[in-house]
Each structure stands twice: as C-alpha cells, then as structure tokens.
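A.B. asks: Chains as they are written, first to last, in my numbering: chain A, -3 to 113; chain B, 40 to 149.
Even for Gly, the Cβ is constructed at its ideal location relative to N, Cα and C.
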C-alpha cells in the first residue's frame, strides 16, 4: 500500500531563516506531488505541483520554491522566511490521471505546522 | 478559479441532516470532497465525475451537476464523528490540479 511521509511535524523558525520541508511517497511510482498551505482557520492554497522529476509548476508568486530530486521526493524550501509564511504545510500525492477530465484523489501527509517568529 | 462553498458553517444536533454546496464559475470536470478534523490532514471522501452522478460514503452522499457547475454534499442522520471542515476540490482541464473551496465547518453536538 502507498504511504506518504512528511517531516518535521512542527517547526518554529525566526524571520529571515531558511526552510526545508521534505516529503516522500512509498508504494507507487511516478506520482503527482503537491504542496498546499493552510493558514489558521482558512482553506487549502495550492503552492506547487509536480507531474515528474524536474517538472514543477508554481501557483502563487512568493519566496518559496520546490524541488523534486527523485521520483517520490518533494522538497519545499525558502531562503528567507517571512512572518506571512506561517501556516500548516501539507504535502500530497495522487496517481497520474487517466484522462484530462479526471483528477485522481489526493492523499495528504500529516502536515508540518510552521510558525515564523 | 476557487470554487465557492456554502454555508460557511453549520451546527447540527446528532441525527439531523445537512447539505453543503460547492459551485464554480468555471467549467467543472470533476469534483472531490474531503473532510478535515481539527489539527489533522484532509481525508478524501469521494470523487464525482461528469454525468450528474451521485456517490455515497457511509451516510454521506454527493451529487454533481456539470451544467449548473455545482456539487452538493449530503450528510444524513449526522453523527458526532462527522464534525470537521468539509472541502470541495475542483479539477480544471488538464487533470493535474485540484483547487479547493474555503471550506464549510460542520459541528455536530449531542
């Protein structure tokens, strides 16, 4: 069965410090990978998605970046964190869609709660 | 592009029914429904494809009307475990992105 691992679970970082969040998927190959962010009490904002190694699309201009060095590894990074980067970061995977009319269900990791102080 | 959910919040007593709506100004190709418990990750409930179909999960079902660009989630005889925030996610052409609504907070009390 497929599993998704995301770490760390909690992170407190000062403004201006770098960030690296990692996510790995097991039990499947060539997954679509996603990073979402959820501000406190708010909805899910899509940050990045990737349909393959070195194929990453950014949805929201910001000081974050994503990389996919291996098929089942997705990394979210920042060189300098801002207060507004605080939130609940969720990595997710889905199977490659069977058609352009259909998006496979998302399976989320347990999330990283980031507080920028 | 973000789908619009209504209502924003619902308070129910155990055994009552609720309907959560999701609409889009863009053509919908598929609709996902997820439930998120406080402090946890969202969990997939069901996906609906074009064709106005209904699907069910326990006593939770949903419909999808692509002509009206709407989907509705029906919670029947609600249980305490139904409490959480419900999100609809819509798939845009291309099949790779799921964009979520702002969520509907559901609280079921005994």
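Do you know how far the Cα of residue 58(A) is from the Cα of residue 98(B)?
C.D. replies: Taking the straight line from one Cα to the other gives about 41 Å.
A.B. asks: By DSSP, does residue 68(B) sit in helix, in strand, or in coil?
C.D. replies: In the displayed model, residue 68(B) falls within coil according to three-state DSSP, outside both helix and strand.
A.B. asks: Are the beta-carbon atoms belonging to residue 72(B) and residue 112(B) less than 9 Å from one another?
C.D. replies: yes
A.B. asks: So does the region 82 to 89 of chain A actually touch the region 28 to 45 of chain A, counting three or more Cβ pairs closer than 8 Å?
C.D. replies: yes
A.B. asks: Nearest to residue 141(B) by alpha carbon, out of 54(B), 128(B), 147(B)?
C.D. replies: 128(B)
A.B. asks: Thinking just about the alpha-carbon of each residue, which of 85(B), 101(B), 78(B), 86(B) is nearest to the one in residue 60(B)?
C.D. replies: 101(B)
A.B. asks: Would residue 86(B) be called buried (16 or more neighbouring beta carbons within 10 Å of its own) or exposed?
C.D. replies: buried
A.B. asks: Could you check whether residue 88(B) and residue 114(B) sit closer than 9 Å to each other, using their CB atoms as the reference points?
C.D. replies: In this structure, residue 114(B) keeps its C-beta atom at 9 Å or more from the C-beta atom of residue 88(B).
A.B. asks: Where does the unbroken beta strand (DSSP E) through residue 111(B) begin, and where does it stop?
C.D. replies: 109 to 114
A.B. asks: Could you pull out every residue in the same chain whose Cβ sits closer than 7 Å to the Cβ of residue 16(A), ignoring the five residues on either side in sequence?
C.D. replies: 71, 73
A.B. asks: Note the first and the last residue of the continuous beta strand (DSSP E) segment covering residue 9(A).
C.D. replies: 6 to 9
A.B. asks: Mind listing, in chain order, the continuous beta strand (DSSP E) runs of no fewer than 3 residues lying wholly within the region 23 to 69 of chain A?
C.D. replies: 28 to 34, 41 to 48, 51 to 54, 60 to 66
A.B. asks: Along the chain, where does the beta strand (DSSP E) that runs through residue 79(A) open and close?
C.D. replies: Counting along the chain, residue 79(A) falls outside any beta strand (DSSP E), and DSSP gives it neither H nor E.
A.B. asks: Tell me whether residue 13(A), by its Cβ, gets closer than 8 Å to a heavy atom of the ligand ZN.
C.D. replies: Ligands in the displayed structure: none, and consequently the ligand ZN is not present.
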